[in-house]
Each structure stands twice: as structure tokens, then as C-alpha cells.
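Reviewing the structure listed below.
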Amino acid sequence: MSPLLQRVIAAVLLLAAGILSLPLCAALLDRQGSENWILPAQLIAMALIGAVVGTSFPALARANEPKTTRALVGAGWGLLAAVIGVLVFWFLLNGFTGA
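Mapping to our numbering: the sequence shown position 72 is 72, numbers consecutive.
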């Protein structure tokens with residue numbers, strides 16, 4: 001598989017997971033007393049998903065990097081996808097004028 005195709009597949013997977021992880025975490029943690037854990041749980045989940053994607057698609061990091069570096073780069077991209085997911089839902093719920 002070419003490096004460009006690996007990067008595209010990894011980006012699509014991370015963006016989809018970043019957008020879907022927020023409502024999934026909210027559905028699991030939206031109870032009295034645990035609603036403050038929704039965003040931290042989403043960030044942790046996306047860091048783990050990003051680490052898995054980073055090790056599965058080696059072209060996401062620089063060539064010939066060790067597995068731990070690929071996992072850390074993937075976790076960083078996963079956190080970026082989580083922030084994009086939060087922003088998507090912010091604009092879907094509030095619009096451009098805010099709450």
C-alpha cells in the first residue's frame with residue numbers, strides 16, 4: 001500500500017472516530033455526577049485509537065521510526081481529531097453565533 005493511501009485512510013478513520021467518539025462517550029457517561037468526565041474520556045479514547053492507527057499505518061509518522069514513536073504520533077493525530085469532533089458538535093449545536 002502506498003504511503004499516501006495509508007495517510008488518507010488513517011486520516012479518514014481518525015476523523016470519523018473523532019466525530020463519533022463524543023456522542024458515544026456522552027451516551028455512556030451522561031449520568032448524574034459523571035457528566036464532567038465526558039471530554040476527558042473522549043480524549044483518552046481518541047489518544048488510544050490514534051496510537052492503534054499510528055502503529056497500524058506506519059506512513060502516518062516519518063519513515064523508519066520505532067513503533068513507540070509511531071504510536072505517539074498517532075496519539076497526537078487522534079487528539080487533534082478529537083478536538084475537531086468537539087468543534088463539529090459545537091457548531092452543529094450552537095451555530096456560528098454561539099450559545
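Virtual Cβ for every residue (Gly too), placed ideally from N, Cα, C.
Since this is a predicted model, take the numbers as computed values, not measurements.
- Contact between Met46 and Ala81 holds: CB atoms are separated by about 6 Å, below the 8 Å threshold.
- By a beta-carbon distance limit of 8 Å, Leu60 contacts Ala10. Their separation comes to about 5 Å.
- Of the candidates Thr97, Val73, Leu48 and Val88, the residue whose Cα lies closest to the Cα of Arg7 is Val73.
- In this structure, Gly18 and Ile84 form a Cβ contact; the two beta carbons are roughly 5 Å apart against a cut-off of 8 Å.
- Per DSSP, Ser21 is one residue of the alpha helix (DSSP H) stretching across Pro3 to Leu29.
- Counting along the chain, Arg62 sits inside no alpha helix (DSSP H), nor does DSSP assign it H or E at all.
- For Thr97, the three-state secondary structure derived from DSSP is coil.
- Between the C-alpha atoms of Ala41 and Ser56 there is a straight-line separation of about 23 Å.
- According to the DSSP assignment, Gln32 belongs to no alpha helix (DSSP H), since it is labelled neither H nor E.
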